[in-house]
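As structure tokens, the structure follows; a few thoughts come after it.
Protein chains in written order, with this note's numbering: chain A, 99 to 309; chain B, 99 to 309.
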């Protein structure tokens, strides 16, 4: 059986001590994947942004706030894992400047320069050992299949789960699973618990048995 | 007894269908105020942004997402209320342009122009009838007393609750209550339930009995 790292939930990038950029990721897909993986006999480590979802008690949970914190925690945890599933939705932009005090409103527009954060799944994909595997998630609102295929390649993933914005903060999901060559090997829709169980089964068939 | 409008929780301002600007307001202070007000015999209407806190069953809850939605819902609800307590932390900046599709990352910095959203409590304060009252909350990281006094005046509030960023997403709060002239009439700290009970008592003494 494998030891699996699951990233889950959103991250936050603060502009000042109060305001931040984020997304509505609930951590439900990550929690469902953890439960399904544990049920299948795997060990699970979860690196999670701030969520109110409950993770399985049998999982080790490492809480983080920002994308950089998720990156560091995930890279560290991945060393002792056989594979990683990137179910988190890390905030992918951060302010170039972060203020140490709450900005006072001035009545004027505020020009903000955002820079890209590190890509957690791409870092895991690019640095994985030959005996490790990485499954990514791609959430797109248009050109879903194309963009998921591009992400699969640039992030060096073994499998890519492609879904849409309907997945965010929902109990349901509707996904396509792409193999490393970009072929659709499964279409799964239903409650996140069902989708997670099917994904863990497919991942098991494709990657955990390679070694 | 009075009919009280309470705004509660954060609001979100979306950049695209996935990413948004917000803050960590949990709605706990609003929920505690609602419970204390109901316990004191008042009727409560809550206009709340997205939160996972549970509001008292006896309160009418109007859910909103954005600051504009909170403004419209609060102005409408306020018509039938004796007073309002602005415990929400509405997102006070929004992108000048909102994209209808998820932005793809380009590797380049992203220049974002943010404009101020409408000020919910200021709008209530500026448009209140002579028989209505408005209590604001000021959350500041520096010059707390001064900035709270400025907000008290510009927002035409009858009372202002001044607190710090420690209040956000916490069970505790540590507040100063300022009257319309900027005098500190109470300092309250403890569990949000206790702070809420004390605030409702002070509000009752100062405003609900004016009519």
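Glycine included, C-beta positions come from ideal geometry on N, C-alpha and C.
Per DSSP, the unbroken beta strand (DSSP E) holding residue 271 of chain A starts and ends at 270 to 277.
At a cut-off of 4 residues, the continuous stretches assigned as alpha helix (DSSP H) that sit fully inside the segment 117 to 186 of chain B are 126 to 137 and 165 to 176. Residue 284 of chain A sits in a strand when the DSSP states are folded into three classes. Residue B:217 holds the alpha-carbon nearest to the alpha-carbon of residue 204 of chain A among B:301, B:202, B:217 and B:195. Fully contained in the segment 175 to 262 of chain A are the following beta strand (DSSP E) runs of length 3 or more, in chain order: 181 to 184, 191 to 193, 208 to 214, 231 to 237 and 257 to 261. Inter-segment contact for the segment 178 to 189 of chain A and the segment 139 to 148 of chain A is present: three or more beta-carbon pairs are separated by less than 8 Å. Residue 187 of chain B places its beta carbon less than 8 Å from that of residue 237 of chain B.
Taking 8 Å as the CB threshold, residue 121 of chain B lines the interface with chain A.
A residue is called buried once 16 or more other Cβ atoms fall within 10 Å of its Cβ, and residue 196 of chain B, having fewer, is exposed. Among the residues facing chain B, residue 190 of chain A is included, as its CB has a counterpart in that chain under 8 Å away. Shortest Cα-Cα distance from residue 189 of chain A to any of B:101, B:271, B:116 and B:300 involves B:116. Boundaries of the alpha helix (DSSP H) harbouring residue 299 of chain A: 290 to 301, taken from the DSSP string. For residue 99 of chain A, same chain residues with a beta-carbon under 6 Å away, outside a window of 5 residues either side, are 139 and 140 in chain order.
For the C-beta of residue 266 of chain B, the chain A residues within less than 8 Å are, from N- to C-terminus, 116. Bridge partners of residue 103 of chain A according to DSSP: A:143 and A:182. With a threshold of 8 Å between beta carbons, residue 237 of chain B makes contact with chain A. Non-local C-beta neighbours of residue 169 of chain B in its own chain, meaning closer than 7 Å and more than five positions away in sequence, comprise 216, 218 and 221, ordered along the chain. Taking 8 Å as the threshold, the shortest C-beta distance from residue 146 of chain B to chain A does not fall below it.
Rounded to the nearest angstrom, the gap between the Cα atoms of residue 305 of chain A and residue 256 of chain A is 8 Å. In this structure the segment 286 to 300 of chain A touches the segment 121 to 133 of chain A; the number of beta carbon pairs closer than 8 Å is three or more.
Distance from the CA of residue 102 of chain A to the CA of residue 136 of chain A, rounded to the nearest whole angstrom, comes to 9 Å. Under DSSP, residue 108 of chain B takes part in a beta bridge, and its partners are B:187.
Distances from the CA of residue 250 of chain B to each of B:271, B:233, B:154 and B:162 were compared; the closest alpha carbon is that of B:233. The beta carbon of residue 126 of chain A lies closer than 6 Å to those of 151 and 290 in the same chain, with the five residues before and after it left out.
Closer than 8 Å to the CB of residue 222 of chain B there is not a single CB belonging to chain A. The beta-carbon of residue 199 of chain A is placed less than 8 Å from the nearest beta-carbon of chain B.
Its chain contains 105, 219, 234 and 235 as the residues whose beta carbon lies nearer than 6 Å to that of residue 184 of chain A, once the 5 sequence neighbours on both sides are disregarded; these appear in chain order.
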